[in-house]
Every structure is written in C-alpha cells, then in structure tokens.
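A.B. asks:
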Amino acid sequence: MKRKRWTVSFLCICGLIIGVTAHKKADHTRKSVLKDAYAGKFYIGTALNESQIEGKNEKEVALVKEQFNAIVAENCMKSERIHPEENTYDFTLPDKFVAFGEQNGMQINGHTLIWHSQAPEWFFEDGDGNTVSREVLIQRMKEHIHTVVGRYKGRVKTWDVVNEAVLDNGNLRKSKFYEIIGEDYLKLAFEFAREADPEAKLYYNDYSTALPEKRKGIVRMVRKLQEQGVSIDGIGMQGHVDINTPAIEEFEKSILAFSELGVKVMITEFDMTVLPSPWEKTGAEVSAKFEYSKEMDPYKEGLPHNIVRTFDSRCAAFFKLFLKHEDKISRVTFWGVNDGNSWRNNWPVPGRTDYPLLFDRNNQPKSAIDSILAVVYNNR
1 MKRKRWTVSF
11 LCICGLIIGV
21 TAHKKADHTR
31 KSVLKDAYAG
41 KFYIGTALNE
51 SQIEGKNEKE
61 VALVKEQFNA
71 IVAENCMKSE
81 RIHPEENTYD
91 FTLPDKFVAF
101 GEQNGMQING
111 HTLIWHSQAP
121 EWFFEDGDGN
131 TVSREVLIQR
141 MKEHIHTVVG
151 RYKGRVKTWD
161 VVNEAVLDNG
171 NLRKSKFYEI
181 IGEDYLKLAF
191 EFAREADPEA
201 KLYYNDYSTA
211 LPEKRKGIVR
221 MVRKLQEQGV
231 SIDGIGMQGH
241 VDINTPAIEE
251 FEKSILAFSE
261 LGVKVMITEF
271 DMTVLPSPWE
281 KTGAEVSAKF
291 EYSKEMDPYK
301 EGLPHNIVRT
311 FDSRCAAFFK
321 LFLKHEDKIS
331 RVTFWGVNDG
341 NSWRNNWPVP
351 GRTDYPLLFD
361 RNNQPKSAID
371 SILAVVYNNR
C-alpha cells in the first residue's frame, strides 16, 4: 500500500514538473514574439516582397506569420506595377497579398497610391508623348485611386495616399503631379481615396521626417489640407535611419508635432543601416545612386562586436521612444523581413552587404530583438 502511494505521489510530482516546464517553455516562446510583446501597444509590421507574397520562401513566410501582425506590400501595389498601362491593371500579386493578410488576421496596409517615383510614364503623357492637360491627369488619378482602393474596400484598412511630397527643406516637391495639376493634387488624392472607401484610414507618408525644416513643411502641408476640409488620419514616418542619425530627440519632436495635428503617427518603414554614407544626406531618395567601392562596404564578412552593440542599443532607444508615445503611435513596421532581402543592400550603393533588420540572412533572430523585447517587458 505504501509503495502504491509512493508511486502515485512520484507520478504526480513528475507531472507537475513537466507541466511547469511546458508552461515556462510556452511563456518563453510567447515572450520572444514581437507582436505578442507589443500587443495592446501598437501593431508590429513588416513589408513583403514578391517572393514572400508568392509563398516561395517557406521559412520567411513562417517568420512573418510568427512575428508580425501587420503587413505592407514592398512594391506590387505601386502604380508602376499595379497599373502599367492606361487600360491595364495587374492585381495578381496584390490579390495574393491581401488574401495572405486576411488568412492570418493581420492589419493590411496599402502602399502607395500617389508617388512621383515608380509611377508609369503614361500617367503624364498622351499617345504622342506630349504632356497631358491638368484635367486629363486629374481624371487618370481619380480613376486609378477609385479602381485600386475600391477593389479592396473594407479589406485594406489603411492607405499611404500620398508618398514623399515634401523635400528636406520643407518645400513641396516639384513632381509631375505638382507641375501639371498644381498643389491641388494633394487635396484631390485624399478626396478620391475617401470617396473610394470612407472607412479606410488615410495617411501621408515620408522619409527624413526628423529633419526640422522637413517637419515644419509636413506640418504646414497637412494643416493647410485640414483647413481645406481634407480628412487625413495619420502621418507615416518612414524611419530609414542609421546608427548615428537622426538624434532620438529630433525624432521625438516630429512625433509630437504630427500628433498635435490630431492625427495618428505610424513608423512605416523602419530599418537601420550600419554602413557608411557616400553623401551627406540620410534620407531615402530612391533616385540616389553611387558607384561601389570597398570603403563603402566594410562588413562583407560580418559585423564587429562594437557595431552590433551600437545597433542593439540604438534599436532599444527607438523602441523606448515608441513605447513612451504608444498613445500616439498605431503601428511600427520594419521595411523587410530579414537582412538579405533589405533594399539597403543596394541603396544608395548597389551590391553592398548591410544588416539593417532584426533577422539575419538565415531568418535567425539577432541580438537586437532581445534589446527590443527587454524594453517592453522591463516597462511592465
């Protein structure tokens, strides 16, 4: 009888130990997931490239499902891709992108409707190659926005309506939209998007938003649109930063300045280059291009420990800032899934090896993730 009781007790103790161990393992797993760690704070998103949308890289797709709860298409929704000819739309990839988000319960973000870059030339020309009239471009813009936004009405929750319309000095960019239509193209773009889906959240999106003059220019532009009765829900701060600039304090000033307009703030394209810059600018002007040199590509074989520590510390500093202003920020999105498919490897110097994201080229978490997770868990 005693032996039987001892056996039962032993089994109970073993079961308790196994249960506690399993609980600890499950808790550890949960705590290593970004979207879980920041649940209730803001969405944690990533940009998907064509291969990921097509499901060609199973490990990357699994990583997206595990770590993120918001997605944005890196390229396939830009007008050049989705509307290559006047009477031709290609919704093949965008449809798959939206379906992926819906199947995995993610917030789906549309990027981008009106952008001077990666816009098809036919937008601005007639059949003879002449510049179209103001009326023609307005109609083309309206038709494009109504068709794209209308197709995903109620499914794509947020749209980058206008992208990168303000220069670093705060002045409006003299794009073809501006030259042909005038400043009104901004107002019209938001009005057309609102008509196409009254429930969608509409954003203005830009880089280098921590620059004081650019900050003022964006505030000035958005305030003027608001005074004209235009409804803007948020401002996207792209967050293409490096390990030295911009100053965290300047980034915070922009979060505050934008939120004071009565809109939400999103960090829409966060990544952090560790590579030297071949120019004095720190933005994301995609037209910039410089010749390759070994001096501009110092970490081909991997990062030294001091750079890793700096990267990790700066990532933590940014997330401390985001957490401090969680009431103002609705989403933080990384521009890419892993280091290997980041645009930073080819901009502004093609062929470099950069390490700007949280997962390495083998989809393994980097030490920066621990720093980012510690920010939120140490704050509880």
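The sequence shown begins at 1 in full-length UniProt numbering and counts up one residue at a time.
Ideal Cβ placement from N, Cα and C applies to all residues, glycine included.
Predicted model, so just to flag it, every value in this text is computed and none were measured.
Taking the beta carbon of lysine 25 as the centre, do at least 16 other beta carbons fall within 10 Å, making it buried, or is it exposed?
C.D. replies: Numbered from its first residue, the sequence shown carries residue 25 at position 25. A caution first: lysine 25 carries a pLDDT of 39, below 50, which makes its placement in the model unreliable, though a value can still be read off. Classification of lysine 25: exposed, given that the 10 Å Cβ count is below 16.
A.B. asks: Could you spell out the range, first to last residue, of the alpha helix (DSSP H) harbouring aspartate 95?
C.D. replies: Position 95 of the sequence shown, counted from the first residue, corresponds to residue 95. Per DSSP, aspartate 95 belongs to the alpha helix (DSSP H) from 92-103.
A.B. asks: If contacts are defined as beta-carbon pairs under 8 angstroms, then valine 148 and isoleucine 82 qualify, I think. What distance do you get, rounded to the angstrom?
C.D. replies: Start at 1 with the first residue of the sequence shown, and residue 148 comes out as number 148. Start at 1 with the first residue of the sequence shown, and residue 82 comes out as number 82. At roughly 6 angstroms, the Cβ-Cβ gap stays under 8 angstroms, so valine 148 and isoleucine 82 are in contact.
A.B. asks: Name, in chain order, the residues that DSSP records as bridge partners for leucine 48.
C.D. replies: Locating residue 48 in the sequence shown gives position 48, where the first residue counts as 1. For leucine 48, which the question treats as bridged, DSSP gives the partners Ala73.
A.B. asks: So what's phenylalanine 359 in DSSP terms, helix, strand or just coil?
C.D. replies: Residue numbering aside, residue 359 sits at position 359 when the sequence shown is read from its first letter. If DSSP states are grouped into helix, strand and coil, phenylalanine 359 belongs with the strands.
A.B. asks: In the stretch 282-357, which residue ranges form an unbroken beta strand (DSSP E) of at least 3 residues, counting only runs that do not cross its ends?
C.D. replies: Taking only runs of at least 3 residues, the beta strand (DSSP E) segments lying wholly in the stretch 282-357 are 329-334.
A.B. asks: Pull up the distance between the alpha-carbon of leucine 48 and that of isoleucine 114, whole angstroms please.
C.D. replies: Locating residue 48 in the sequence shown gives position 48, where the first residue counts as 1. Locating residue 114 in the sequence shown gives position 114, where the first residue counts as 1. Approximately 20 angstroms, taken between the alpha carbons.
A.B. asks: Less than 9 angstroms separating the beta-carbons of asparagine 104 and arginine 331?
C.D. replies: Residue mapping note: residue 104 aligns to position 104 of the sequence shown, counting from 1. Residue mapping note: residue 331 aligns to position 331 of the sequence shown, counting from 1. No; because the gap between Cβ atoms is not below 9 angstroms, this pair is not in contact.
A.B. asks: Going by alpha carbons, who is nearest to valine 265 out of Trp335, Thr158, Asp126, Glu66?
C.D. replies: The residue you call residue 265 lines up with position 265 of the sequence shown. The shortest C-alpha separation from valine 265 is found at Thr158.
A.B. asks: Classify glycine 217: buried if its beta carbon has 16 or more other beta carbons within 10 angstroms, exposed otherwise.
C.D. replies: On the sequence shown, position 217 is the one that residue 217 refers to. With 16 or more Cβ atoms within 10 Å of its Cβ, glycine 217 is classed as buried.
A.B. asks: Rounded to a whole number of angstroms, what is the C-alpha to C-alpha distance between aspartate 354 and valine 337?
C.D. replies: Locating residue 354 in the sequence shown gives position 354, counting from the first residue. Locating residue 337 in the sequence shown gives position 337, counting from the first residue. Whole-angstrom Cα-Cα distance: 13 angstroms.
A.B. asks: Return the Cβ separation of arginine 223 and leucine 261 in integer angstroms, given the expectation that the two are a contact with Cβ distance under 8 angstroms.
C.D. replies: Position 223 of the sequence shown, counting from 1, holds the residue named residue 223. Position 261 of the sequence shown, counting from 1, holds the residue named residue 261. Their Cβ separation, rounded to whole angstroms, is 6 angstroms, which keeps arginine 223 and leucine 261 in contact under 8 angstroms.
A.B. asks: Per DSSP, which one or two residues make a beta bridge with valine 241?
C.D. replies: Numbered from 1 along the sequence shown, position 241 holds the residue referred to as residue 241. In the DSSP output, where bridge partners are listed per residue, valine 241 has Met272.
A.B. asks: I'd like the list of long-range same chain contacts for asparagine 205, defined as Cβ closer than 6 angstroms, with 5 residues on each side in sequence excluded.
C.D. replies: As a working mapping, residue 205 is identified with position 205 in the sequence shown. If we look at asparagine 205 and ignore the five residues flanking it on each side, its Cβ neighbours are Asp160, Asn163, Gly236, Thr268.
A.B. asks: Tell me the DSSP secondary structure of valine 132 in three-state form.
C.D. replies: In the sequence shown, counting from the first residue as 1, residue 132 sits at position 132. Note: valine 132 maps to coil in three-state DSSP.
A.B. asks: Find out if the Cβ-Cβ distance for the pair aspartate 195, histidine 146 is shorter than 9 angstroms.
C.D. replies: Within the sequence shown, residue 195 is the residue found at index 195, counting from 1. Within the sequence shown, residue 146 is the residue found at index 146, counting from 1. It should be pointed out that residue 195 corresponds to glutamate in this sequence rather than to aspartate. For glutamate 195 and histidine 146, yes; Cβs fall inside 9 angstroms.
A.B. asks: Would the beta-carbon of histidine 240 fall within 9 angstroms of that of alanine 284?
C.D. replies: As a first step, residue 240 must be located in the sequence shown, where it is residue number 240. As a first step, residue 284 must be located in the sequence shown, where it is residue number 284. Yes.
A.B. asks: Closest to lysine 153 by CA distance: which of Arg314, Asn130, Ala193 is it?
C.D. replies: Translated into positions along the sequence shown, residue 153 becomes position 153. Of the listed residues, the one whose Cα sits closest to lysine 153 is Ala193.
A.B. asks: Between which two residues does the alpha helix (DSSP H) harbouring isoleucine 108 extend?
C.D. replies: One-based indexing of the sequence shown puts residue 108 at position 108. Per DSSP, isoleucine 108 belongs to no alpha helix (DSSP H); it is in the beta strand (DSSP E), 107-115.
A.B. asks: Excluding the 5 residues preceding and the 5 following glutamate 125 in the sequence, name in chain order all residues of the same chain whose CB lies nearer than 8 angstroms to its CB.
C.D. replies: As a position in the sequence shown, residue 125 is number 125, starting the count at 1. Counting only Cβ-Cβ distances below 8 angstroms, and skipping sequence neighbours, we find Thr131, Val132.
A.B. asks: Mapping the DSSP letters down to three states, classify threonine 158 as helix, strand or coil.
C.D. replies: Within the sequence shown, numbered from 1, the residue matching residue 158 stands at position 158. Note: threonine 158 maps to strand in three-state DSSP.
A.B. asks: Where does proline 212 fall in DSSP's three states?
C.D. replies: Sequence index remark: in the sequence shown, residue 212 carries index 212 (1-based). Residue state, collapsed to three classes: helix.
A.B. asks: In the DSSP assignment, find the unbroken beta strand (DSSP E) run with leucine 202 in it and report its ends.
C.D. replies: Taking the first residue of the sequence shown as 1, we reach residue 202 at position 202. It spans 201-206 - the beta strand (DSSP E) in which leucine 202 sits, taken as one unbroken run.
A.B. asks: Count the other CB atoms within 10 Å of the CB of threonine 209; is the residue buried (16 or more) or exposed (fewer)?
C.D. replies: As a position in the sequence shown, residue 209 is number 209, starting the count at 1. Looking at its Cβ environment, which holds 16 or more other Cβ atoms inside 10 Å, threonine 209 is buried.
A.B. asks: Is it the case that the stretch 79-99 contacts the stretch 365-380, given that we only count it when at least three CB pairs across the two stretches are under 8 angstroms?
C.D. replies: The stretch 365-380 is not in contact with the stretch 79-99.
A.B. asks: By a C-beta neighbour count over all protein chains shown, 10 Å radius and 16 as the cutoff for buried, is serine 254 buried or exposed?
C.D. replies: Within the sequence shown, numbered from 1, the residue matching residue 254 stands at position 254. Label assigned to serine 254: buried.
A.B. asks: Identify which residue in Phe123, Gly129, Asp128 has its Cα closest to the Cα of glutamate 143.
C.D. replies: Reading the sequence shown from its first residue, position 143 is the one you call residue 143. For the residues Phe123, Gly129, Asp128, the minimum Cα distance to glutamate 143 belongs to Phe123.
A.B. asks: Going by beta-carbon coordinates alone, are isoleucine 138 and phenylalanine 100 separated by less than 9 angstroms?
C.D. replies: By 1-based counting over the sequence shown, the position of residue 138 is 138. By 1-based counting over the sequence shown, the position of residue 100 is 100. Cβ distance not < 9 angstroms, so isoleucine 138 and phenylalanine 100 don't count as in contact.
A.B. asks: What three-state label does DSSP hand valine 376 in the structure shown?
C.D. replies: As a position in the sequence shown, residue 376 is number 376, starting the count at 1. Helix at valine 376.
A.B. asks: Name the one or two DSSP bridge partners that lysine 264 has.
C.D. replies: Taking the sequence shown and counting its residues from 1, the one referred to as residue 264 is at position 264. DSSP output for lysine 264 lists Gly234 as bridge partner(s).
A.B. asks: Does the Cβ-Cβ distance between glutamate 60 and asparagine 345 come in under 9 angstroms?
C.D. replies: Counted from its first residue, the sequence shown places residue 60 at position 60. Counted from its first residue, the sequence shown places residue 345 at position 345. Contact flag unset, no.
A.B. asks: According to the Cβ coordinates, are tryptophan 335 and leucine 357 closer than 9 angstroms?
C.D. replies: As a working mapping, residue 335 is identified with position 335 in the sequence shown. As a working mapping, residue 357 is identified with position 357 in the sequence shown. Closer than 9 angstroms, so yes.
A.B. asks: Comparing C-alpha positions only, which one of Leu167, Glu191, Glu199, Glu250 sits nearest to glutamine 226?
C.D. replies: As a first step, residue 226 must be located in the sequence shown, where it is residue number 226. Selected option, being the one with the closest Cα: Glu191.
A.B. asks: What's the gap between the Cα of alanine 200 and the Cα of lysine 78?
C.D. replies: The count along the sequence shown starts at 1 and reaches residue 200 at position 200. The count along the sequence shown starts at 1 and reaches residue 78 at position 78. Whole-angstrom Cα-Cα distance: 18 angstroms.
A.B. asks: Compute the Euclidean distance between the alpha carbons of alanine 39 and glutamine 67, then round it to the nearest angstrom.
C.D. replies: Within the sequence shown, residue 39 is the residue found at index 39, counting from 1. Within the sequence shown, residue 67 is the residue found at index 67, counting from 1. Spanning the two alpha carbons is a distance of roughly 11 angstroms.
A.B. asks: How about alanine 317 and alanine 374: do their beta carbons lie closer than 9 angstroms?
C.D. replies: Sequence index remark: in the sequence shown, residue 317 carries index 317 (1-based). Sequence index remark: in the sequence shown, residue 374 carries index 374 (1-based). For alanine 317 and alanine 374, no; Cβs fall outside 9 angstroms.
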